[in-house]
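Protein chains in written order, with our numbering: chain A, 1 to 114; chain B, 115 to 225.
Cβ coordinates follow ideal geometry from the N, Cα and C atoms, glycine included.
Since we're looking at a predicted model, the values are computed, not measured.
All remarks here apply to the structure that follows.
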Amino acid sequence: DTGVSQDPRHKITKRGQNVTFRCDPISEHNRLYWYRQTLGQGPEFLTYFQNEAQLEKSRLLSDRFSAERPKGSFSTLEIQRTEQGDSAMYLCASSFPAVDYGYTFGSGTRLTVV
Amino acid sequence: GIQVEQSPPDLILQEGANSTLRCNFSDSVNNLQWFHQNPWGQLINLFYIPSGTKQNGRLSATTVATERYSLLYISSSQTTDSGVYFCAVERENFGNEKLTFGTGTRLTIIP
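As structure tokens, then:
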């Protein structure tokens, strides 16, 4: 297993466009998390899934944000009508608490809204 | 929500020096993890340590849960240790399953 994969690594988009990011977790991990990180700050929680169920969403996740994990494997995070304030690094992590509570993070998708 | 404070915010050391990074948290936790974010942005999990002491090579960590703090020790620093170190906690008995991150300690190791 090669760890948590995120695609794309970088995305530049014009304000108002929609973007979608993909995360492939470690295959046996049943939990998947999305975080957002802005410059100089620690990652902030957005949402998490246990298998295909989305169990919690942060207040940071406005109506323009939606996340799915349709078969309990990969996940997508979509941002509609992007705004400049959405520019950030979007990080995905996975874990399998029955074995190890530690999170494994992907390399992130850096979004720039111009 | 739970507050997580890390100190110092910045640390500059000569290669070979030892360092201690501190994480204070405002409530009881059942999950505490230390991460290293390298200059390319990759977050690497160093320790899962809600209590007790663990060691991994030149790194060790101690969490005193009753006093709500954790320490990360780095011995014989190398330039590859540079980056930002984050402490992240999950509040105990709160019914959620997410980590809250501190603002980090930026460590710079000078050759």
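Residue i - DSSP class collapsed to helix/strand/coil
i	result
Q41 of chain A	coil
D24 of chain A	strand
T180 of chain B	helix
T193 of chain B	helix
G166 of chain B	strand
Inter-residue Cα distance where the pair is residue i and residue j
i	j	result
R31 of chain A	F49 of chain A	6 Å
P164 of chain B	Q17 of chain A	42 Å
N207 of chain B	R69 of chain A	26 Å
R110 of chain A	Q37 of chain A	9 Å
I224 of chain B	P153 of chain B	14 Å
E119 of chain B	N138 of chain B	5 Å
L61 of chain A	R81 of chain A	14 Å
S184 of chain B	T76 of chain A	34 Å
Residues near residue i in its chain [Cβ-Cβ closer than 6 Å; skip 5 each side]
i	result
E56 of chain A	Y48
E52 of chain A	R69 and G72
Contacting residues, own chain, Cβ-Cβ under 8 Å from residue i (five flanking each side not counted)
i	result
N132 of chain B	Y187, I188, S189, S190 and S191
K11 of chain A	V19, F21, T109, R110, L111 and T112
Chain-ordered chain A contacts of residue i [CB-CB under 7 Å]
i	result
F147 of chain B	The amino acid at residue 147 of chain B is misidentified as Phe; the sequence shows Gln. Chain A residues near Q147 of chain B: G102 and Y103.
T217 of chain B	Q41 and G42
Interface flag, residue i vs chain A, CB-CB below 8 Å
i	result
E119 of chain B	no
L213 of chain B	yes
T177 of chain B	no
Q156 of chain B	yes
Y183 of chain B	no
Y162 of chain B	yes
Amino acids of chain B, ordered along the chain, whose beta-carbon sits closer than 8 Å to that of residue i
i	result
Y48 of chain A	E211 and K212
L91 of chain A	L157
F45 of chain A	K212, L213 and T214
Short CB-CB distance (under 8 Å) between residue i and chain B
i	result
Q54 of chain A	no
Q6 of chain A	no
Under 8 Å from the C-beta of residue i: neighbouring residues of chain A
i	result
Y199 of chain B	Under the 8 Å cutoff, chain A gives no residues; its nearest Cβ is about 10 Å from Y199 of chain B.
Cβ neighbours of residue i in the same chain (closer than 7 Å, five flanking residues each side left out)
i	result
Q84 of chain A	R15 and V113
S196 of chain B	P153, L221, T222 and I223
Closer than 7 Å at the beta carbon, the chain B residues around residue i
i	result
G108 of chain A	G155
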